[in-house]
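Novice: Below is the structure I would like to discuss, written out as structure tokens.
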């Protein structure tokens, strides 16, 4: 790739060894990402508790919340409690989505950005437990989103700068193990603590670990930008403020666009499923008590997520030398295979439906490592953080920003029938798989433009 204005000399001989301390840094980022998803899913684990706390028959909402309730009721024609609960997830995701590009542009040490983000979202999670009004709870979820936005676009770019190209898929898969593990801990921890101590304590107890992890980050050393990308400026290039011409280049990058659209569809499905599934199983299907459902669902997320995330990254890396678009192909086929299992979840009796939930989650998590590896491999190191941030903006704007609210609203509109809402979600999964299969034909060419590796085009 030709050298751009303002970059250092091209890095024609990238190093082959890992950045010193890369393994320890990856473990720290993994631990932080686990707590990231713990904080996200605690809210999902206590949805019935929050609904009872703020929308019970004896509760009088404030004027702003009452206005929202009246507006949604005029649209849905029923009591829009589920839609209002969906707003909590939407508030978090909107701030996360909008602030991620801002943090992607910061020109300070990346570990400092991570430390600040972890501290902010941990304190905001604790504040969620202090909320005595629904509006206050909405505000605290916004600050959780701000904190996580500082972390989201930065962490994967540091991993890309600590490991050679041939290892990125595997290492990013390890990093994204945090999604199932952290989510599972959030469901299990949130459900058990809510049953033992009350739902507010589930938010209080996540603060101390987050603060300790933030302090640890302050002592880490940033890796050089783009040192493993041949011809990309290497360690001297740094990263630059993204300009409109860079956005245009990303839009022209077919692998980047199709991958982002596929990830948006997946994010819509995972976001809606994660937020509503425990409540759906317990209240709509009448299975068990909430703590028991959260425990089983959490165990399923751990087992399916761990195995699928590792297997997806490993398989895509192994197939990379044989198939040009392996990262896309593995992702697309996995989500399409998972589609009938998800539909089976809605209609098969329990406990058989638990098996379908496991298989559906396995297929959804299978793409985690490969899709993020695509982002790292097809974007120039100087704008990689901003490219990840733009990806976050799009996939969440089209995905889990709206899916909890949409599913809640559709459920309210169809007489509290969540099956109809989930069937619509399955159609989105189908679209995502097709986008990924489409992108497979372009991956080798787009990767070679950045990495300069000839084996990508063989």
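Numbering (this note's numbering), first residue to last: 41 to 498. Backbone N, C-alpha and C define an ideal beta-carbon position, used for all residues, glycine too.
1) Can you tell which of 245, 87 and 214 has the C-alpha that lies nearest to the C-alpha of residue 165?
2) Mind pulling the alpha helix (DSSP H) runs of 4 or more residues that sit fully within the stretch 416–476?
3) What runs of the alpha helix (DSSP H), each 4 residues or longer, lie entirely inside the stretch 327–365?
4) For residue 183, which residues in the same chain have their Cβ closer than 6 Å to its Cβ, ignoring the five residues on either side in sequence?
5) Beta-carbon separation of residue 357 and residue 418 under 8 Å?
6) Leaving aside the five residues before and after residue 384 along the sequence, list all residues of the same chain whose C-beta is less than 6 Å from its C-beta, in chain order.
7) So what does DSSP say about residue 311, is it helix, strand or coil?
8) Taking Cβ positions, are residue 232 and residue 331 nearer each other than 8 Å?
9) What did DSSP end up calling residue 322 once you bin it into helix, strand or coil?
10) Would you please state the rounded distance, in angstroms, between the beta carbons of residue 319 and residue 88? I believe it to be under 8 Å.
11) Would you identify the three-state DSSP class for residue 482, choosing helix, strand or coil?
12) Whole angstroms is fine: what's the gap from residue 460's alpha carbon to residue 338's?
13) Rounded to a whole number of angstroms, what is the C-alpha to C-alpha distance between residue 308 and residue 435?
14) So the alpha helix (DSSP H) residue 406 belongs to, where does it begin and stop?
15) For residue 176 and residue 168, I'd like the C-alpha separation in whole angstroms.
16) Tell me the rounded alpha-carbon separation between residue 63 and residue 262.
17) How is residue 58 classed by DSSP in three states: helix, strand or coil?
18) Who are the near neighbours of residue 305 in its chain, counting only those whose CB is closer than 6 Å to its CB and skipping five residues on each side?
19) Can you give the Cα-Cα distance for residue 458 and residue 228, rounded to whole angstroms?
20) Would residue 180 be called buried (16 or more neighbouring beta carbons within 10 Å of its own) or exposed?
21) Okay, do the stretch 209–220 and the stretch 439–453 touch, 3+ Cβ pairs below 8 Å being the bar?
22) Going by C-alpha distance, which of 390, 107, 75 and 250 is nearest residue 326?
23) Could you give the distance in angstroms between the alpha-carbon of residue 142 and the alpha-carbon of residue 393?
24) Return the CA-CA distance between residue 483 and residue 411, expressed in angstroms with no decimal places.
25) Report all residues from its chain with a CB closer than 7 Å to the CB of residue 295; omit the five preceding and five following residues, and keep chain order.
26) Can the beta-carbon of residue 314 be found closer than 8 Å to that of residue 402?
27) With residue 290 and residue 430 assumed to form a contact (beta carbons below 8 Å), what rounded beta-carbon distance in angstroms separates them?
28) For residue 79, does the three-state DSSP call read helix, strand or coil?
29) Leaving aside the five residues before and after residue 346 along the sequence, list all residues of the same chain whose C-beta is less than 8 Å from its C-beta, in chain order.
30) I'd like the list of long-range same chain contacts for residue 242, defined as Cβ closer than 8 Å, with 5 residues on each side in sequence excluded.
31) Within 10 angstroms of the Cβ of residue 225, are there 16 or more other Cβ atoms? Answer buried if so, exposed if not.
32) Looking at the unbroken alpha helix (DSSP H) that takes in residue 199, where does it start and where does it end?
33) Among the residues of its own chain, which have a CB less than 6 Å from the CB of residue 368, if the five just before and after it don't count?
34) Straight-line CA distance for residue 292 to residue 421?
35) Please go through the same chain and pick out, in chain order, the residues whose beta-carbon is closer than 6 Å to the beta-carbon of residue 129, but skip the five residues on each side of it.
36) Compute the beta-carbon to beta-carbon distance between residue 72 and residue 160, rounded to the nearest angstrom, for a pair I have assumed lies under 8 Å.
Specialist: Taking the coordinates as given:
1) On the chain shown, position 125 is the one that residue 165 refers to. For the residues 245, 87 and 214, the minimum Cα distance to residue 165 belongs to 245.
2) 424–437 and 443–453
3) 330–359
4) Within the chain shown, residue 183 is the residue found at index 143, counting from 1. Hits under 6 Å: 164.
5) Here residue 357 refers to the residue found at position 317 of the chain shown. Here residue 418 refers to the residue found at position 378 of the chain shown. No, the pair does not count as a contact, with Cβ atoms beyond the cut-off.
6) Mapped onto the chain shown, residue 384 falls at position 344. Excluding positions up to five away in sequence, the list reads 396.
7) Taking the chain shown and counting its residues from 1, the one referred to as residue 311 is at position 271. The answer is helix: DSSP assigns residue 311 an H, G or I state.
8) For this step, residue 232 is matched to residue 192 along the chain shown. For this step, residue 331 is matched to residue 291 along the chain shown. In contact: residue 232 and residue 331 (Cβ atoms closer than 8 Å).
9) If you number the chain shown from 1, residue 322 lands on position 282. Helix, per DSSP.
10) Counted from its first residue, the chain shown places residue 319 at position 279. Counted from its first residue, the chain shown places residue 88 at position 48. Residue 319 to residue 88, Cβ: 6 Å. Contact.
11) Stepping through the chain shown from its first residue, residue 482 is reached at position 442. Coil at residue 482, not helix or strand.
12) Taking the first residue of the chain shown as 1, we reach residue 460 at position 420. Taking the first residue of the chain shown as 1, we reach residue 338 at position 298. Going by the C-alpha atoms only, they are around 24 Å apart.
13) Locating residue 308 in the chain shown gives position 268, counting from the first residue. Locating residue 435 in the chain shown gives position 395, counting from the first residue. Cα-Cα distance, rounded: 8 Å.
14) As a working note, residue 406 is residue 366 in the chain shown. Neither: residue 406 is in no alpha helix (DSSP H) and is coded neither H nor E.
15) As a working mapping, residue 176 is identified with position 136 in the chain shown. As a working mapping, residue 168 is identified with position 128 in the chain shown. Approximately 8 Å between the Cα atoms of the pair.
16) Stepping through the chain shown from its first residue, residue 63 is reached at position 23. Stepping through the chain shown from its first residue, residue 262 is reached at position 222. If you take the alpha carbons of residue 63 and residue 262, they lie about 13 Å apart.
17) For the purposes of this step, residue 58 is identified with residue 18 of the chain shown, where counting begins at 1. The answer is coil: DSSP assigns residue 58 none of H, G, I, E or B.
18) If you number the chain shown from 1, residue 305 lands on position 265. Once the five neighbours on either side are set aside, the close Cβ partners of residue 305 are 468, 471 and 472.
19) Looking up residue 458 in the chain shown gives position 418. Looking up residue 228 in the chain shown gives position 188. Approximately 23 Å between the Cα atoms of the pair.
20) For this step, residue 180 is matched to residue 140 along the chain shown. Its Cβ being crowded by 16 or more others within 10 Å, residue 180 is buried.
21) no
22) Counting from one through the chain shown, the residue named residue 326 turns up at place 286. Minimum Cα distance to residue 326 is reached at 390.
23) To locate residue 142, count along the chain shown from 1; it is residue 102. To locate residue 393, count along the chain shown from 1; it is residue 353. The straight-line gap from Cα to Cα measures roughly 42 Å.
24) In the chain shown, residue 483 corresponds to position 443, counting from 1. In the chain shown, residue 411 corresponds to position 371, counting from 1. Each residue's alpha carbon lies about 11 Å from the other.
25) Along the chain shown, one-based indexing puts residue 295 at 255. 414, 418, 479, 482, 483 and 486.
26) Position 274 of the chain shown holds residue 314. Position 362 of the chain shown holds residue 402. Going by C-beta atoms, residue 314 is not nearer than 8 Å to residue 402.
27) Locating residue 290 in the chain shown gives position 250, where the first residue counts as 1. Locating residue 430 in the chain shown gives position 390, where the first residue counts as 1. Indeed, because the Cβ distance is near 7 Å, the residues count as touching under 8 Å.
28) Within the chain shown, numbered from 1, the residue matching residue 79 stands at position 39. Three-state result, residue 79: helix.
29) Position 306 of the chain shown holds residue 346. Taken in chain order, the residues that qualify are 217, 220 and 221.
30) Here residue 242 is taken as the residue at index 202 of the chain shown, counted from 1. Result list for residue 242: 82, 85, 86, 169, 229, 230, 233 and 234, in chain order.
31) Position 185 of the chain shown, counted from the first residue, corresponds to residue 225. So residue 225 ends up on the buried side.
32) Your numbering for residue 199 matches position 159 in the chain shown. 195–200 is the span of the alpha helix (DSSP H), which, as asked, contains residue 199.
33) Here residue 368 is taken as the residue at index 328 of the chain shown, counted from 1. Taken in chain order, the residues that qualify are 476, 479, 480 and 483.
34) Within the chain shown, numbered from 1, the residue matching residue 292 stands at position 252. Within the chain shown, numbered from 1, the residue matching residue 421 stands at position 381. Looking at the two C-alpha atoms, the distance is approximately 17 Å.
35) By 1-based counting over the chain shown, the position of residue 129 is 89. 315 and 444, listed in sequence order.
36) As a first step, residue 72 must be located in the chain shown, where it is residue number 32. As a first step, residue 160 must be located in the chain shown, where it is residue number 120. Between residue 160 and residue 72 the Cβ distance is about 13 Å, and since that is not below 8 Å, they are no contact.
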